[in-house]
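**Q** Everything in the sequence shown is counted per my numbering, starting at 3 for the first residue and increasing by one.
Glycine residues also receive a C-beta, built at the ideal position from the N, C-alpha and C atoms.
On a predicted model such as this, the values are computed, not experimentally measured, just so you know.
One structure, pasted below without further comment.
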Amino acid sequence: MTGLPLPPPYGTGTLADVLPSAASVLGVPGFMDRLSLGDRSTIPDAVTVLLVDGLGWWPWRDRLHDTPALAAMTGRQLSTTIPSTTPTALASLGTGLPPGAHGIVGAAFRVSEDDAILHPLSWSAEPHPLAIQPEPTVFERVASSGQPVVRVGASAYSDTGLTRAVLRGGEYAGVDSPDALVERLARHKRGLAYAYVPDLDRTGHVHGVDSTEWRACLTAVDALVGRVVEALDERHLLLVTADHGMVDCPPAARVKLEDLPAFSLVDVVAGEPRMRHVYCRPGSADRLCVAWREALGERAWVLSRDEVAEAGLMGTPDDYADRIGDVVVLARGDTVLVSDVDPLVSSLVGQHGSVSDAEMDIPLLQAWGSGRG
3 MTGLPLPPPY GTGTLADVLP SAASVLGVPG FMDRLSLGDR STIPDAVTVL
53 LVDGLGWWPW RDRLHDTPAL AAMTGRQLST TIPSTTPTAL ASLGTGLPPG
103 AHGIVGAAFR VSEDDAILHP LSWSAEPHPL AIQPEPTVFE RVASSGQPVV
153 RVGASAYSDT GLTRAVLRGG EYAGVDSPDA LVERLARHKR GLAYAYVPDL
203 DRTGHVHGVD STEWRACLTA VDALVGRVVE ALDERHLLLV TADHGMVDCP
253 PAARVKLEDL PAFSLVDVVA GEPRMRHVYC RPGSADRLCV AWREALGERA
303 WVLSRDEVAE AGLMGTPDDY ADRIGDVVVL ARGDTVLVSD VDPLVSSLVG
353 QHGSVSDAEM DIPLLQAWGS GRG
């Protein structure tokens, strides 16, 4: 294993900086335009942040000719969070904070000393969302300033634990079709709106990003973005971004954790196949790091919890360090770290969670509404 991955530029160029910057250009007190969105010549009446799950910068740029609406927008790269996974990324989007400050540190992680594992994507009532993530969201702060806030997404997501933990604040508008999404955003004339589009990620997981199915879904997403631009007023600013990208992982690249040496030192495996939180028997983390570094070599970074914190990979995890694995394993190349704890997820073609450019680099695209809706 060589070197360490670099931390994302939290505070200046990540997904966590999008909503604070949007709030700033709307004139909400207490926020900075960290991403320099505003040109000071036009103050928007409204800003919509449309997040396309799984729209990585590089997979998109490889198919730029298929996406005329996205290609016509002004664009730049941002970084997502470490890990590059939806719960962590949405938490950073919603709070404006790095993972170490909000505590949603992965797709599955330990939240108590009795080894209870939280899976944020299937989180319902318990544990209480405010107990897990008490920091105020940007939506709450904007709403408390008197500006209207609407969050637009599938009806099924309206009251999930993850929504209540990291995306709370303002109105939730449940929509279950592209037409309804466009119509609801068009009605939002002032303040902050957020919309979530899940289809590209789902398609990539099943078929991979190098597939005709993914390309067809990307084309459909582009058409949706074009419709949103046409539906919004001329003083309505649209921002399109993503939570992560994706890499295709062939079966030959699978490494089963349970077959690695010293697995008897492991108490609990969590995380996901490209980024594992591994919770060890007391006092055994150093031994596991040594054994797995030798076994995995250049296929993964094997880091102690202290190394993750010292490198700033999740920001500064002072209050939530115990949620991070005693050992953190970040896959390299197209390696996938499969486990008996999640056989279905481990078998998927498209994966994310680690620190490759294809997973970490995301777009921030902007355009004013055309007023033709």
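Got a sec: is the Cβ-Cβ distance from serine 358 to anything in chain C below 9 Å?
**A** As a matter of chain content, chain C is missing from the structure shown, which is built from one protein chain.
**Q** Nearest to valine 343 by alpha carbon, out of Ala272, Trp370, Val107?
**A** Among Ala272, Trp370, Val107, the Cα nearest to that of valine 343 is on Ala272.
**Q** Going by DSSP, what residue range makes up the alpha helix (DSSP H) through leucine 21?
**A** Residues 20-27.
**Q** Short of 8 Å in beta carbon distance, which residues of its chain neighbour phenylalanine 111, apart from the five on each side in sequence? Order them along the chain.
**A** Cβ within range, chain order: Ile119, Leu120, Ala272, Gly273, His279, Arg325, Ile326, Gly327.
**Q** For the segment 96-111 against the segment 136-147, do three or more pairs of beta-carbon atoms, one drawn from each stretch, fall closer than 8 Å, so that the two count as touching?
**A** Because the criterion of three Cβ pairs below 8 Å is met, the segment 96-111 and the segment 136-147 touch.
**Q** With DSSP collapsed to three states, give me the class of methionine 3.
**A** Note that methionine 3 scores 48 on pLDDT, short of 50, meaning its location in the model is unreliable; the coordinates nonetheless yield the value given after this. Note: methionine 3 maps to coil in three-state DSSP.
**Q** By the DSSP assignment, the alpha helix (DSSP H) with histidine 407 in it spans what residues?
**A** This structure gives no information on residue 407, because the portion of the chain shown stretches from 3 to 375.
**Q** When you compare only the Cα positions, how much space is there between valine 27 and threonine 205?
**A** Distance between the alpha carbons of valine 27 and threonine 205 is about 34 Å.
**Q** What number of angstroms, rounded off, separates the C-alpha of threonine 50 from the C-alpha of alanine 71?
**A** Distance between the alpha carbons of threonine 50 and alanine 71: 16 Å.
**Q** Hey, quick one: how far does the alpha helix (DSSP H) through arginine 143 stretch, first residue to last?
**A** 140-146 is the span of the alpha helix (DSSP H), which, as asked, contains arginine 143.
**Q** Taking the runs of the alpha helix (DSSP H) that are 4 residues or longer, which of them lie wholly in the segment 244-302?
**A** The qualifying runs are 287-298.
**Q** Which residue's Cα is closest to the Cα of valine 199: Ala48, Val230, Arg36?
**A** Checking every option, the nearest Cα to that of valine 199 belongs to Val230.
**Q** Apart from the five residues on each side of it in sequence, which residues of its chain come closer than 7 Å, Cβ to Cβ, to arginine 283?
**A** Once the five neighbours on either side are set aside, the close Cβ partners of arginine 283 are Leu267, Asp269.
**Q** When burial is assigned at 16 or more other CB atoms within 10 Å of the CB, is valine 208 buried or exposed?
**A** So valine 208 counts as exposed.
**Q** Going by other Cβ atoms of all chains shown within 10 Å of its Cβ, with 16 needed for buried, is methionine 362 buried or exposed?
**A** When all chains shown are included, methionine 362 counts as buried.
**Q** Short of 6 Å in beta carbon distance, which residues of its chain neighbour serine 356, apart from the five on each side in sequence? Order them along the chain.
**A** The answer, listed in chain order, is Arg276, Met277, Leu332, Ala333.
**Q** Would you kindly work out how many angstroms separate the C-alpha atoms of aspartate 64 and leucine 57, rounded to a whole number?
**A** Computed Cα separation, rounded: 12 Å.
**Q** Can you tell me which residues form a DSSP beta bridge with proline 365?
**A** According to DSSP, which records beta bridges pairwise, proline 365 is partnered with Gln79.
**Q** If you measure between the beta carbons of leucine 241 and leucine 298, is that distance less than 9 Å?
**A** Going by C-beta atoms, leucine 241 is not nearer than 9 Å to leucine 298.
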